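Using numbering that gives the first Met the number 0, you'd call the opening residue of the sequence shown number 0 and step up by one each time. Where a beta carbon is used, it is the ideal one built from N, C-alpha and C, also for glycine. If you're wondering where the values come from, they're calculated on a predicted model, not measured in any experiment. Accompanying notes for the structure given below.
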Amino acid sequence: MDRRKFIQVSVAAASAGIAARKEAAAQAKGARPVVIASANGLNATEKAMQMLRQGEDTLDAVVAGVNLVENDPEDTSVGYGGLPNEQGVVELDSSVMHGPSRGGGAVASIRNIKNPSSVAKLVMERTDHVLLVGEGALDFARSMGFEEEDLMTPKSREIWMRWKRNLSDRDDWIAPEERLPASLKPKQTAQLASALRHHGTINCNAVNEKGEISGVTTTSGLAFKIPGRVGDSPILGAGLYLDNDVGACGSTGRGEANLKTCASFLGVEFMRQGDSPEEAGLKVLKRIAENTVEPYLLDDQGRPRFNVNFYLVNKAGQFAGVSMWSGGRYAAYEGRENKIRNSAYLYKRPPRR
Ligand code: ASP
């Protein structure tokens, strides 16, 4: 490398280093506004941040953000195209909380409406209730002008049909390729294989420049669940919780674990006691691990076999993503940067062989 080039490269490296140090210092103190979300929420954090910068309300911003993901037929964990229950019916759960007005609203097991987060927001704004379920939630949505539609897409139907096919070898369901000789069988894509029994949800939380906080969680829940099963997402304190004086915490992953530990509430309470978002999230994961005793949920070292993830932000704008197992990721928009980041974790996955 010639001298000139060397100097150019060194200067570029030094300014990248300075930028990284500035970002780390800002994050250590906390910098507002901030929007964080689960890893499928990069478009949501982008949209929400745009709205915060235009001075819009924090809850309007995060709901508009997650609406994009609810409307996306490719995301099989949320809204339109979300995976159905075992009978092939999509049942959606969602909750919202608005810090400045100390409001909360939720819907559970709602069918035929692709934006349950917007319905949850109206439960908060237009009723004296917090949670509406099933038929009641659908009636309410209709009365608010929401259109009913079939939420199954060709993709989600295909995944459901394959799940049905794989349930048992003592029924008459077959997959189309089973009729074909081995040489003609198409390869099953990795995406399809991993979708066969999966969790997925979006949580998105925002703190604006003034320190006002809102959050939303929305999901089609556990794929192929027993009809009527409700997860943590529409339960304030489990899949979402916030306190405008402290911060917000929301979750994706095994809802049953969060329901039994009031996990998101606990995350906010740990932050209230002075923990950073990362410390608080890791303590919640530890509490879940300690309370998981069912042998079928534990590995040979007594650790939970499932994953669960939290997305936490405090009033100052410090934030973190944490996961039970290494490899978790989350989206965060802070300063000028909207990007996917690595979550902290409780247990390290052994390397794949
Ligand atoms: N937490 C959601 C539920 O249990 C699903 C998920 O995030 O994967 O319904």
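For residue i and chain D, any beta-carbon pair shorter than 9 Å?
| i | result |
| --- | --- |
| Gly64 | The structure shown has no chain D; it contains just one protein chain. |
Rounded to the nearest angstrom, what separates residue i and residue j at their Cα positions?
| i | j | result |
| --- | --- | --- |
| Glu211 | Ala319 | 18 Å |
| Gln53 | Met143 | 27 Å |
| Pro350 | Ala136 | 45 Å |
| Phe375 | Glu157 | The requested residue 375 is not part of the displayed model; the chain covers only 0 to 352. |
| Ser275 | Leu121 | 32 Å |
| Val312 | Arg304 | 26 Å |
| Arg253 | Thr57 | 27 Å |
| Ala47 | Gly246 | 17 Å |
| Gln190 | Gly199 | With a pLDDT of 46 at Gln190, under the threshold of 50, the modelled position of that residue is not reliable, and the figure given next carries that caveat. About 13 Å. |
| Gly104 | Cys203 | 15 Å |
| Thr251 | Val77 | 11 Å |
| Lys282 | Ala222 | 28 Å |
| Ala60 | Tyr346 | 34 Å |
| Gly227 | Thr218 | 14 Å |
| Arg364 | Val215 | Here the chain comprises residues numbered 0 to 352, so residue 364 is not present and cannot be evaluated. |
| Arg141 | Glu147 | 8 Å |
| Gly423 | Gly238 | The structure shown has nothing for residue 423, since the chain only spans 0 to 352. |
| Ala192 | Arg164 | Confidence at Ala192 is low in this model, with a pLDDT of 44, below 50, so its placement is unreliable and no value can be given for it. |
| Gly334 | Glu208 | 11 Å |
| Asp244 | Val206 | 11 Å |
| Leu241 | Val95 | 10 Å |
| Val229 | Gln300 | 30 Å |
| Leu131 | Arg286 | 29 Å |
| Glu69 | Val34 | 18 Å |
| Met323 | Arg302 | 9 Å |
| Leu353 | Ala256 | There is simply no residue 353 to check, as the chain begins at 0 and stops at 352 in what is shown. |
| Ala30 | Glu277 | 16 Å |
| Met123 | Ser325 | 36 Å |
| Lys259 | Gln49 | 36 Å |
| Phe309 | Asn290 | 17 Å |
| Asp357 | Tyr79 | The first residue shown for the chain is 0 and the last is 352, placing residue 357 beyond what the model contains. |
| Phe145 | Ile112 | 7 Å |
| Ser213 | Ala36 | 12 Å |
| Gly382 | Glu73 | Because residue 382 is not part of the residues shown, which for the chain are 0 to 352, the question remains open. |
| Ala194 | Thr75 | Unreliable placement is indicated for Ala194, whose pLDDT of 41 sits below 50; no coordinate value is reported for it. |
| Val106 | Asp138 | 12 Å |
| Ser263 | Gly280 | 9 Å |
| Glu134 | Asn42 | 31 Å |
| Glu55 | Pro294 | 48 Å |
| Arg271 | Leu265 | 10 Å |
| Leu166 | Val321 | 33 Å |
| Asp127 | Ala119 | 12 Å |
| Leu284 | Gln317 | 19 Å |
| Val292 | Asn306 | 15 Å |
| Pro32 | Asn337 | 12 Å |
| Leu51 | Lys154 | 34 Å |
| Gly220 | Asp298 | 24 Å |
| Arg110 | Ser100 | 29 Å |
| Asn114 | Asp149 | 13 Å |
| Gly273 | Arg125 | 35 Å |
| Ala38 | Val267 | 21 Å |
| Gly64 | Cys261 | 25 Å |
| Val379 | Ala288 | The question about residue 379 has no answer here: the residues shown for the chain are numbered 0 through 352. |
Compute the beta-carbon to beta-carbon distance between residue i and residue j, rounded to the nearest angstrom, for a pair I have assumed lies under 8 Å.
| i | j | result |
| --- | --- | --- |
| Trp439 | Gly81 | Residue coverage of the chain in this structure runs from 0 to 352, which leaves residue 439 outside it and unanswerable. |
| Val354 | Ser116 | The structure shown does not extend to residue 354, since the chain is modelled only from 0 to 352, so the question has no answer here. |
| Ala331 | Thr44 | 7 Å |
| Ile201 | Gly98 | With a Cβ gap of about 19 Å, Ile201 and Gly98 do not count as contacting. |
| Ala315 | Lys28 | 7 Å |
| Arg348 | Arg340 | The Cβ separation is near 18 Å, so there is no contact. |
| Asn66 | Lys224 | That belief does not hold up - the Cβ atoms of Asn66 and Lys224 are roughly 23 Å apart, past 8 Å. |
Measuring from the CB of residue i, is there a heavy atom of the ligand SAM at a distance below 8 Å?
| i | result |
| --- | --- |
| Thr218 | This structure does not include the ligand SAM; its bound ligands are the ligand ASP. |
Would you check if there are 3 or more beta carbon pairs closer than 8 Å linking the region 81–93 to the region 229–241? Flag = yes, the region 81–93 and the region 229–241 touch.
Continuous alpha helix (DSSP H) assignments of at least 4 residues falling wholly in the region 283–337: No alpha helix (DSSP H) of 4 residues or more sits fully in the region 283–337.
Any chance you could list the alpha helix (DSSP H) runs of at least 4 consecutive residues sitting entirely within the region 87–170, in chain order? Counting only unbroken stretches of 4 or more residues, the alpha helix (DSSP H) elements lying wholly within the region 87–170 are 115–125, 133–142, 153–166, in sequence order.
If you scan the region 242–279 from start to end, which runs of the beta strand (DSSP E) of 3 or more residues do you find wholly inside it? The qualifying runs are 246–252.
My parser needs the beta strand (DSSP E) runs of 3 or more residues fully inside the region 199–237; what are they? Uninterrupted beta strand (DSSP E) stretches at least 3 residues long and entirely within the region 199–237 occur at 201–206, 212–218, given in chain order.
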